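Sequential numbering of the sequence shown, starting at 310, is according to the numbering used here.
A short write-up of the structure that comes next.
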Amino acid sequence: MKKFIALYFSILIFIFSAGSLYSQEIEYYGADSVFAVDDIAVFWAILKGPDTDTSKVYINIVPLDLNKLEFSHYSVVAANVFSGEEEIIMDFRPLENENLIIQEYGSFSTMSKRRLFFFVADDSSSNPNMEIYYNGVPDT
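This is the structure in structure tokens:
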């Protein structure tokens with residue numbers, strides 16, 4: 310009887326964990342300044358000034374083939390890796406040929422994480438289908 314109960318609970322745990330994994334978005338760590346996955350490429354560049362206040366970080370999200378594009382919309386969120394605080398950088402918007410985000414380099418000192426969310430549906434309340442995240446500015 311104890312073996313049956315253990316087997317029963319093991320099966321239940323497997324079913325619930327598999328269901329929760331299936332419902333989550335696909336997540337990628339974009340470790341490099343040039344990163345491509347599926348039909349999306351992300352390019353980073355830094356325009357250095359005399360100090361961090363005048364230096365700019367450029368993030369360009371480029372669909373590789375607009376005719377076969379799986380994702381139609383995106384958003385970008387900055388996050389503090391220690392406190393978990395988040396700030397919306399680019400609100401839910403359609404993907405275009407080029408999607409350029411320009412930020413001050415100093416903004417990465419407190420909000421160092423960038424989360425790029427991609428959506429299949431044209432619905433801002435839906436969960437993202439894919440995420441590419443960066444911890445800090447990659448070497449460029």
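From the three backbone atoms N, C-alpha and C, an ideal C-beta is built for every residue, glycine too.
Since this is a predicted model, take the numbers as computed values, not measurements.
task = Tell me whether V366 is buried or exposed, calling it buried when 16 or more other Cβ atoms sit within 10 Å of its Cβ.
result = buried
request  = State yes or no: is the C-beta of I410 within less than 8 Å of the C-beta of I368?
outcome  = yes
query = Would you call the region 344-354 and the region 367-382 in contact, with 3 or more CB pairs under 8 Å?
reply = yes
request  = May I ask you to report which of helix, strand or coil DSSP gives N444?
outcome  = strand
inquiry  = Between L404, I441 and T419, which has its C-alpha nearest V429's C-alpha?
reply    = L404
key: CA-to-CA distance, D432 to G393, given in whole angstroms   = 25 Å
ask   = By the 10 Å Cβ neighbour count, where 16 or more other Cβ atoms means buried, how is P359 classified, buried or exposed?
value = exposed
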